[in-house]
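The sequence shown begins at 1 in my numbering and counts up by one.
A virtual CB, placed ideally from N, CA and C, is assigned to each residue, including glycine.
Fair warning: this is a prediction, and the values are worked out from it, not measured in the lab.
Quick notes on the structure that follows.
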Amino acid sequence: MKDNKFELTNLDAILYKYTLDNGLNVYLLPYENKTNYYIHYVTKFGSVNTEFVPIDEENMVKVPDGIAHFLEHKMFEMEDGMNPFEFSSLTGTVCNASTSHKCTRYLFEGTKAFEENLDYLLNYVHKPYFTDENVEKEKGIITEELLQYKDMVDMEIDLMVLDCLFHNDPVKVDIGGTVESIKDITKEDLYKTYNTFYQPSNMFIVITGNFDKDKAIEIIKNNEIVNSCKTNHEIIIKKVDEPIEIKNKFIDTNMDVQSTRLNYSIKVPISSYKGIERYKYVNYFGMMLNIMFGLASDFREEMLKNEYMTSFYYDRMYTDDYMIITFFALTEVPEKLVEEIKKCLENINVTSEDVERIKKVWISSEVMMIDDASLTLDNFVYDIIESGEVIPNKVDIFKEMNLEKLLDIVNNVDYSNSTTVIVRPQEEIL
């Protein structure tokens, strides 16, 4: 077992990292002044990983969309003994799980029974139990869930936007899959997928809060089930050929909404940036967006004054190859608002004072955030999934950011590589 520790610079905290012989990475950040602990066991397997070479096989396979989410559901069914919800209720703690595009995580959180919950978590995540019968039963449950989502307008609009942005990337498919794809899932698909992606070398554990780090690592490294897993096998995932061009540049449609909604999205290539360089690169865009379009921006003030919108915010998402910047608004003049956004991006007006102001805000946020064990854990997981490792020197990175580098980065992007989705109320006649 290899061990290391990182000083989270300027944050007065030490993160302990252990790498077991089976490849499992363990990240521990104990707090002295907390009552709660948070344990997240994560596999680097999400909804986009549907084409891969299974362990002990040679050929690429395609499993049905939604299988990562389906598998997450099935991991809560035990062949014998208590399921995780029953176990957590007995210990007065909380268990749960979630699936995203890039990972699946299983968690326990509470104030007591730390050792019992950690050991149970390790055991149940490595005890898959799939049968023809319980797979068929789950199909009905997840189908109902997917049908309920269809009544959620926001989710339908989000999927519409992703379908406009991407030609081939499976990020455009609902994390839960489709009603049709769920029907095709078999227990053989689940075992094949599980055995490939739920190996310790493709997983990691993050624990923060009130716990004994020495006891934690002893429990993990001595767990017989984890140590008996097949592991350290190379995982081969099909590389998606996703062109830079937008699939559909414009949609103007009607749905069951109260006000007209605008989603204006820009597709920016980032495949050449890896690890910490990727983190630095995308954060310059975050700084520019905060200055140009944030809560204190001249743009927001002017748009509200001119009654171009009643609600406005922006967000970013990432695939392996692209960053998507999306502007969301409630507006009765969506075309005018898009033109105003374009004007701002064509003439990015940022000063050194703006950059220094955002740096101070971000550094202050890091200092305050480290006191929140739950939020800190989520940030660690995000770093590992997006950058490959926890980034311990974020404050130093923020201090180094400067106007010259910002302008060099944000002024060398084709902001016209965009899609506009306008959703108007049903009664509105175009």
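Beta-carbon proximity list for residue i, same chain, < 8 Å, skipping 5 on both sides
i	result
Tyr120	Pro84, Phe87 and Phe108
Ile219	Glu115, Leu118, Asp119 and Leu122
Ile348	Met288, Met292, Leu407, Val410 and Asn411
Leu147	Val179
Of the residues the options, the one placed nearest residue i, counting alpha carbons only
i	options	result
Glu57	Ile237, Lys187, Asp21 and Asn22	Ile237
Val282	Arg261, Phe312 and Arg316	Arg316
Ala216	Asn25, Met60 and Val421	Asn25
Ile175	Tyr191, Ile55, Phe130 and Ser98	Ser98
Ser416	Lys267, Glu234, Asn22 and Glu188	Lys267
Gly23	Asn96, Met1 and Leu337	Met1
Ser297	Phe70, Cys344, Ile235 and Lys249	Cys344
Ala113	Glu133, Arg105 and Ser89	Ser89
Ile324	Asn59, Asp169, Thr104 and Asp21	Asp169
Lys274	Lys305, Ser418 and Glu389	Glu389
Asn290	Glu346, Ile358, Ile207 and Ile235	Ile358
Asn206	Glu400, Leu377, Arg300 and Asp320	Looking at the sequence provided, one finds Val at residue 206 rather than Asn. For the residues Glu400, Leu377, Arg300 and Asp320, the minimum Cα distance to Val206 belongs to Leu377.
Leu337	Asp320, Tyr318, Thr319 and Thr310	Thr310
Thr319	Pro243, Asn254 and Leu295	Pro243
Thr104	Tyr129, Asn96 and Asn4	Asn96
Thr260	Val226, Glu335 and Tyr106	Glu335
Phe328	Ile341, Trp362 and Asn254	Ile341
Thr331	Tyr264, Val61 and Val135	Tyr264
Inter-residue Cα distance where the pair is residue i and residue j
i	j	result
Glu51	Asp252	33 Å
Ile67	Leu159	18 Å
Val63	His40	26 Å
Ser364	Gly140	48 Å
Ile422	Leu190	39 Å
Leu11	Val367	6 Å
Thr131	Tyr194	14 Å
Ser374	Thr91	20 Å
Thr420	Lys247	11 Å
Met439	Glu145	The chain is shown from 1 up to 430; residue 439 falls before or after that span and cannot be answered.
Thr9	Lys394	8 Å
Ile270	Glu386	12 Å
Lys102	Ser47	6 Å
Val257	Glu427	10 Å
His69	Tyr279	27 Å
Pro425	Val179	27 Å
Thr231	Ile157	40 Å
Val240	Ile384	21 Å
Tyr124	Phe76	8 Å
Ser228	Glu188	21 Å
Lys17	Glu277	22 Å
Pro200	Thr326	35 Å
Arg54	His233	Just to set this straight, residue 54 is Pro in the shown sequence, not Arg. Taking the straight line from one Cα to the other gives about 10 Å.
Asn59	Lys183	23 Å
Glu79	Glu133	13 Å
Lys431	Trp362	Only positions 1 to 430 of the chain appear in the structure, and residue 431 is not among them; the question remains open.
Pro128	Ile235	19 Å
Own chain partners of residue i with C-beta closer than 6 Å, once the 5 adjacent residues on each side are dropped
i	result
Phe6	Leu15 and Pro392
Lys198	Sequence inspection shows Tyr at residue 198; the Lys mentioned does not correspond to that position. Correct list, in chain order: Thr43.
Lys172	Leu162, Asp163 and Phe166
Ser352	Leu403
Asp3	Tyr18
Boundaries (first-last residue) of the beta strand (DSSP E) holding residue i
i	result
Gly286	It is not in any beta strand (DSSP E) - Gly286 instead sits in the alpha helix (DSSP H) that spans Gly275 to Phe293.
Cys95	Val94 to Thr99
Leu8	Lys2 to Leu8
Pro425	Ser418 to Pro425
Thr431	This structure cannot speak to residue 431, because the chain is shown only from 1 to 430.
Phe312	Ser311 to Tyr318
Ser181	No beta strand (DSSP E) holds Ser181; the alpha helix (DSSP H) holding it covers Val179 to Lys183.
Pro269	Arg261 to Pro269
Ala68	Unbroken run through Ala68 is the alpha helix (DSSP H), Ile67 to Lys74; no beta strand (DSSP E).
Val153	Looking at the DSSP string, Val153 is not in any beta strand (DSSP E); the run it does join, the alpha helix (DSSP H), is Val153 to Leu165.
Buried or exposed (CB count within 10 angstroms, at least 16 for buried), residue i
i	result
Ile429	In this prediction, Ile429 scores a pLDDT of 46, lower than 50, which makes its location untrustworthy; the coordinate-derived value is nonetheless stated afterwards. So Ile429 counts as exposed.
Asn223	buried
Met203	buried
Tyr313	exposed
Leu304	exposed
Asp65	buried
His295	For the record, residue 295 in the displayed sequence is Leu; it is not His. With fewer than 16 other Cβ atoms within 10 Å, it is exposed.
Gly81	exposed
Own chain residues within Cβ distance below 7 Å of residue i, not counting five before or after
i	result
Asn402	Val355
Asn210	Tyr31, Lys34, Thr35, Asn36 and Tyr37
Glu442	Beyond the ends of the chain as shown, which are 1 and 430, falls residue 442; an answer cannot be given.
Lys221	Met1 and Leu20
Lys213	Tyr16, Leu28 and Pro30
Ile370	Leu8, Leu11, Ala13 and Thr376
Extent of the continuous alpha helix (DSSP H) to which residue i belongs
i	result
Asp252	Where Asp252 is concerned, there is no enclosing alpha helix (DSSP H), although the beta strand (DSSP E) it sits in stretches over Phe250 to Met255.
Ala216	Lys213 to Lys221
Thr143	Asp132 to Tyr149
Thr91	Pro84 to Thr91
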